[in-house]
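>
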DNA sequence: CTGAATCCTCGCGGATACTG
DNA sequence: CAGTATCCGCGAGGATTCAG
């Protein structure tokens with residue numbers, strides 16, 4: 007009864023994000039982080055090269071994209087395929103695990119996008135009642 | 007063909023997180039942010055008071071929880087109910103919209119938790135091959 | 001083209017103290 | 001109990017440069 011949220015079969019999982027020290031919290035942050043989420047989302051459509059990815063994820067810097075990809079690759083969510091050509095060509099794609107994660111992530115993303123009208127209206131109401139702070 | 011990810015009916019949505027200026031990106035960050043995600047997850051079980059929430063979301067500071075709750079309330083995902091008793095009692099609960107969001111979020115969270123074994127193994131392999139560095 | 005390395009800033013977020 | 005106010009360190013992350 008200390009677990010939070012509805013679990014598949016009520017069974018106790020060994021990992022719990024709500025616990026400060028649990029490694030799952032770190033991975034969840036890689037996945038849901040500012041650039042991690044968008045990167046996984048972009049790769050869901052298919053494999054992409056570094057600069058293609060950069061253009062898709064509007065606003066990401068080289069450094070952050072590189073860093074993000076490393077973290078996701080290390081967690082086994084993204085596969086990096088370098089071809090020894092010249093000029094160099096590197097493709098990134100989701101692993102099966104990454105696809106599962108991205109699917110759930112996109113479900114969330116799309117729902118949020120689709121709810122933005124409601125969110126924006128809620129904000130207006132909120133700002134209105136508490137008008138000038 | 008500029009949209010990313012599988013959309014419900016292939017229709018173009020007015021909001022797109024992949025665009026730098028889109029407000030949906032901000033809301034997504036509130037939802038998936040370090041504390042936002044855990045707060046929504048904790049509230050999915052039912053309404054909670056401020057300090058109950060603090061204990062659930064292990065590691066969050068008063069300031070961050072307060073800030074997080076404000077953002078979620080403003081976006082229309084969380085409802086704040088203050089009772090004018092003494093000592094003061096304030097309950098937080100999800101709005102219908104918040105429940106929809108939390109549901110999708112928990113699906114992701116639980117999947118990640120359940121995949122941690124695979125993630126941890128992937129990390130070992132990754133760190134192994136690129137040993138030092 | 002695909003990055004790694006470096007520098008620097010800005011705001012996230014923790015600690016603490018105080019109020020109603 | 002339920003927060004707000006203030007201070008401030010530190011690391012996320014942007015800009016730029018360099019390398020393969």
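Residue numbers (this note's numbering), protein chains in the order written: chain H, 7 to 139; chain L, 7 to 139. Every residue gets a Cβ at the ideal spot worked out from N, C-alpha and C, and that includes glycine.
1. On the premise that residue 48 (chain L) lies in contact with residue 62 (chain L), defined as a C-beta separation below 8 Å, what is that separation, rounded to the nearest angstrom?
2. If you check the beta carbons only, do residue 122 (chain L) and residue 21 (chain H) fall under 7 Å apart?
3. Among the residues of its own chain, which have a CB less than 7 Å from the CB of residue 139 (chain L), if the five just before and after it don't count?
4. For chain L, is any of its Cβ atoms less than 7 Å away from the one on residue 96 (chain H)?
5. Measure from the C-beta of residue 69 (chain L) to each C-beta in chain H and report whether the shortest distance is under 7 Å.
6. Looking only at its own chain, which residues have a Cβ that is under 7 Å from the Cβ of residue 112 (chain H), when we skip the five neighbours before and after it?
7. List the residues of chain L whose Cβ lies closer than 8 Å to the Cβ of residue 57 (chain H), in chain order.
8. Relative to the C-alpha of residue 19 (chain H), which residue among L:86, L:116, L:125, L:108 is closest?
9. Listed from N- to C-terminal order along the chain, which residues in the segment 81-114 of chain L have their beta-carbon within a distance smaller than 9 Å of any beta-carbon of chain H?
10. Would you say residue 82 (chain H) and residue 125 (chain L) are within 7 Å of each other, going by their C-beta atoms?
11. By the three-class DSSP mapping on this structure, what secondary structure does residue 136 (chain L) have?
12. In three-state DSSP terms, what is residue 123 (chain H)?
13. Residues of chain L with CB closer than 7 Å to the CB of residue 121 (chain H), please, in chain order.
14. Would you please verify whether the beta carbon of residue 32 (chain L) is less than 7 Å from any beta carbon of chain H?
With the given structure in hand:
1. If you number the second chain from 1, residue 62 (chain L) lands on position 56. If you number the second chain from 1, residue 48 (chain L) lands on position 42. Their Cβ separation, rounded to whole angstroms, is 4 Å, which keeps residue 62 (chain L) and residue 48 (chain L) in contact under 8 Å.
2. Your numbering for residue 122 (chain L) matches position 116 in the second chain. Your numbering for residue 21 (chain H) matches position 15 in the first chain. Contact flag set, yes.
3. Locating residue 139 (chain L) in the second chain gives position 133, where the first residue counts as 1. Unreliable placement is indicated for residue 139 (chain L), whose pLDDT of 49 sits below 50; no coordinate value is reported for it.
4. Here residue 96 (chain H) corresponds to residue number 90 of the first chain, with the count starting at 1. Output row for residue 96 (chain H): interface = no.
5. One-based indexing of the second chain puts residue 69 (chain L) at position 63. Chain H, which has no Cβ nearer than 7 Å to the Cβ of residue 69 (chain L), makes this no.
6. The residue you call residue 112 (chain H) lines up with position 106 of the first chain. Hits under 7 Å: 47, 50.
7. If you number the first chain from 1, residue 57 (chain H) lands on position 51. Residues of chain L passing the Cβ test: none, with the nearest at roughly 15 Å.
8. Taking the first chain and counting its residues from 1, the one referred to as residue 19 (chain H) is at position 13. Cα-wise, what sits closest to residue 19 (chain H) is L:116.
9. 81, 82, 83, 101, 103, 106, 107, 108, 109, 110, 111, 112, 113, 114
10. Along the first chain, read from residue 1 onward, the residue named residue 82 (chain H) stands at position 76. Along the second chain, read from residue 1 onward, the residue named residue 125 (chain L) stands at position 119. For residue 82 (chain H) and residue 125 (chain L), yes; Cβs fall inside 7 Å.
11. Here residue 136 (chain L) refers to the residue found at position 130 of the second chain. Residue 136 (chain L): coil per DSSP, three-state reduction.
12. For the purposes of this step, residue 123 (chain H) is identified with residue 117 of the first chain, where counting begins at 1. In the structure shown, residue 123 (chain H) sits in a helix (DSSP, three-state: H, G or I).
13. To locate residue 121 (chain H), count along the first chain from 1; it is residue 115. Ordered by position in chain L, the residues that pass the 7 Å Cβ test against residue 121 (chain H) are 103.
14. For the purposes of this step, residue 32 (chain L) is identified with residue 26 of the second chain, where counting begins at 1. Chain H contact via Cβ: absent.
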